[in-house]
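*Asks:*
Residue numbers (the numbering used here): 185 to 610.
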């Protein structure tokens, strides 16, 4: 959410940013906010004036009574009563106007970084760099579900009976590999100096409002019926929510956290064969990284975070590339975002396995997260998040890139200690 002072002073900048995101339907919101804000401030000013007048007159009533000027005192009481009624009405008006302003401010997109490429959708995202040499073996690479089934590692039919489409049973060495990847990711981030967390897997509605846009929430999150609780779509939601309504000391920054959680997503819409199997599902597990830092440090942390994901995948000998998201592909809270995509030998192309985002102070402003500083005064920190790894989607890249001609799967050295020393899966 933008600072209303910024919007008030720079309406043309905010409108141009909306145009860059190809959301022209939101342009009227800027003028609506300005008009509502003027009314709200006028009502507050009037209320403050009445309060000072009421206090002054209230002090006079006792003196008038002491002098025997009962009629004048009664008249003063009536004035005080009338002022109180008007102030109550003004308070109601301020609350209503403030709610209307916030409703619109939550929809107006964050100001994107000047370096973000301008484009309408993900087809106009820009490749930054490739890491590792993409390989296509001489033998045929089967569909990822077929690889798992040949290794007796997945049962989709039973999952459909118990839970419906978009769910799975992993078993045997494939299930163990899934856990091994998460364990390795946990230790990988701990070695980078991050503090490990297992967060709550449900959060309240006010936290949801703070960490994401309403449209994202509607398309992603499952609500617990009859309760003010939502299943998290990523542990970033819990981890940023952890700081709601807190005043951090500047010396406590940066906060560098890595968290494990299951994730639950509606995944609304129909998807092609490449997004079936275990690619786009309602339930998966994930290792995330989250940073809360001083505003001037967030660009450096952004670069660090997505390169950690690149390093993680390259340590498992999986070729990847980084892709900068264009303006039209950025969620409204994001200032800048880079996707990491892994190479698929079967499809002979890259596909998304992680996303790194700098949200500026938008989440902190929504959630009331502030930093105490003697030099700068209290301010809102910047928040960033990035995927370390999200199996079982990552399993697709792993299985395809480590498939051997005889159908076995090679286990890279970093994972073997988590696989009981196994060098391959047969």
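Cβ atoms here follow ideal geometry from the backbone N, Cα and C, with glycine treated the same way.
#1: Just tell me which of 471, 533, 555, 521 has its CA closest to the CA of residue 543.
#2: Is DSSP giving residue 390 helix, strand or coil here?
#3: With a cut-off of 8 Å, do at least 3 Cβ pairs link the segment 376 to 392 to the segment 413 to 423?
#4: For residue 506 versus residue 490, is the C-beta distance shorter than 8 Å?
#5: To the nearest angstrom, report how far apart residue 172 and residue 340 are at their CA atoms.
#6: Please state the DSSP three-state secondary structure of residue 478.
#7: Can you find the residues in the same chain that come closer than 7 Å, C-beta to C-beta, to residue 430, ignoring five residues on each side of it along the sequence?
#8: What residue does the beta strand (DSSP E) around residue 534 start on, and which one ends it?
#9: On the DSSP bridge list, what partners appear for residue 569?
#10: Where do the N-terminal and C-terminal ends of the beta strand (DSSP E) with residue 520 fall, by residue?
#11: Going by beta-carbon coordinates alone, are residue 315 and residue 498 separated by less than 8 Å?
#12: On the DSSP letters alone, give me the boundaries of the beta strand (DSSP E) that residue 368 sits inside.
#13: Where does residue 312 land, buried or exposed, given buried means 16+ other C-beta within 10 angstroms?
#14: Compute the Euclidean distance between the alpha carbons of residue 590 and residue 334, then round it to the nearest angstrom.
#15: So is residue 344 buried or exposed if we call it buried at 16+ other beta carbons inside 10 Å?
#16: Starting from the Cα of residue 232, find the closest Cα among 274, 548, 216, 246 and give me that residue.
#17: Ends of the beta strand (DSSP E) at residue 613?
#18: Between which two residues does the beta strand (DSSP E) carrying residue 379 extend?
#19: Hey, could you find the ends of the beta strand (DSSP E) residue 554 is sitting in?
#20: For residue 207, name the three-state secondary structure that DSSP assigns.
#21: Using the rule of at least 16 other Cβ atoms within 10 Å of the residue's Cβ for burial, across every protein chain shown, is residue 419 buried or exposed?
#22: Assuming residue 551 contacts residue 394 (C-beta within less than 8 Å), just tell me the rounded distance between them.
#23: Excluding the five sequence neighbours on either side, which residues of its own chain have a C-beta within less than 7 Å of the C-beta of residue 433, listed in chain order?
#24: Compute the Euclidean distance between the alpha carbons of residue 606 and residue 600, then round it to the nearest angstrom.
#25: Would you call residue 342 buried or exposed, if buried means 16 or more other Cβ atoms sit within 10 Å of its Cβ?
#26: Counting only the same chain and skipping the five closest in sequence on each side, list residues whose C-beta sits under 7 Å from that of residue 494.
#27: Does the segment 567 to 577 come into contact with the segment 473 to 492, if we say contact requires no fewer than three beta-carbon pairs (one atom in each stretch) closer than 8 Å?
#28: Taking all protein chains shown into account, do 16 or more other C-beta atoms lie within 10 angstroms of the C-beta of residue 562, making it buried, or fewer, making it exposed?
#29: Kindly indicate the opening and closing residues of the alpha helix (DSSP H) around residue 329.
#30: Would you tell me roughly how many angstroms separate the C-alpha atoms of residue 280 and residue 372, rounded to the nearest one?
#31: Cβ of residue 388 within 7 Å of any heavy atom in the ligand NAP?
#32: Where does residue 339 fall in DSSP's three states?
#33: For the structure I just gave you, are there three or more beta carbon pairs, one from the segment 201 to 211 and one from the segment 258 to 266, closer than 8 Å?
#34: Which term fits residue 584, buried or exposed, when burial requires 16 or more other beta carbons within 10 angstroms of its beta carbon?
#35: Is residue 605 helix, strand or coil when you go by DSSP?
#36: In this structure, what does DSSP give as the bridge partners for residue 594?
*Replies:* By the coordinates alone:
#1: When each option's Cα is compared against that of residue 543, the closest is 521.
#2: Helix at residue 390.
#3: The segment 376 to 392, when compared against the segment 413 to 423, does touch it at the 8 Å Cβ threshold.
#4: Less than 8 Å divides the Cβ of residue 506 from the Cβ of residue 490.
#5: What the structure shows of the chain is the stretch from 185 to 610, and residue 172 is not part of that stretch, so it cannot be assessed.
#6: The answer is coil: DSSP assigns residue 478 none of H, G, I, E or B.
#7: Excluding residues within five positions, the ones whose Cβ falls inside 7 Å are 553.
#8: In this chain, the beta strand (DSSP E) harbouring residue 534 covers 533 to 542.
#9: Answer is 474, 541.
#10: It spans 520 to 528 - the beta strand (DSSP E) in which residue 520 sits, taken as one unbroken run.
#11: Taking 8 Å as the Cβ cut-off, residue 315 and residue 498 qualify as a contacting pair.
#12: In the DSSP assignment, residue 368 falls outside any beta strand (DSSP E) and lies within the alpha helix (DSSP H) extending over 356 to 375.
#13: So residue 312 counts as exposed.
#14: Between the C-alpha atoms of residue 590 and residue 334 there is a straight-line separation of about 11 Å.
#15: Counting Cβ neighbours within 10 Å, residue 344 comes out exposed, since fewer than 16 surround it.
#16: Per the Cα distances, 274.
#17: An answer regarding residue 613 cannot be provided, because it is not within the stretch 185 to 610 covered by the chain.
#18: In the DSSP assignment, residue 379 falls within the beta strand (DSSP E) that extends over 379 to 381.
#19: In the DSSP annotation of this structure, the continuous segment of the beta strand (DSSP E) that includes residue 554 starts and ends at 554 to 556.
#20: In the three-state reduction of the DSSP assignment, residue 207 falls in the coil class, being assigned neither a helical nor a strand state.
#21: Residue 419 should be labelled buried.
#22: For residue 551 against residue 394, the beta-carbon gap comes to about 4 Å, under 8 Å, which counts as contact.
#23: 556, listed in sequence order.
#24: Rounded to the nearest angstrom, the two C-alpha atoms are 6 Å apart.
#25: So residue 342 ends up on the exposed side.
#26: 315, 504, 506, 524.
#27: They touch, by the three-pair rule.
#28: With fewer than 16 other Cβ atoms from the protein chains shown falling within 10 Å of its own Cβ, residue 562 counts as exposed.
#29: Boundaries of the alpha helix (DSSP H) around residue 329: 328 to 334.
#30: Taking C-alpha positions only, residue 280 is separated from residue 372 by approximately 49 Å.
#31: Although the ligand NAP was asked about, the structure shown includes no ligands whatsoever.
#32: Three-state result, residue 339: strand.
#33: Two segments are said to touch when three or more pairs of C-beta atoms, one from each, lie closer than 8 Å; by this definition the segment 201 to 211 does not touch the segment 258 to 266.
#34: Counting the other Cβ atoms within 10 Å of the Cβ of residue 584 gives 16 or more, which makes it buried.
#35: In the structure shown, residue 605 sits in coil (DSSP, three-state: anything other than H, G, I, E or B).
#36: Bridge partners of residue 594: 608.
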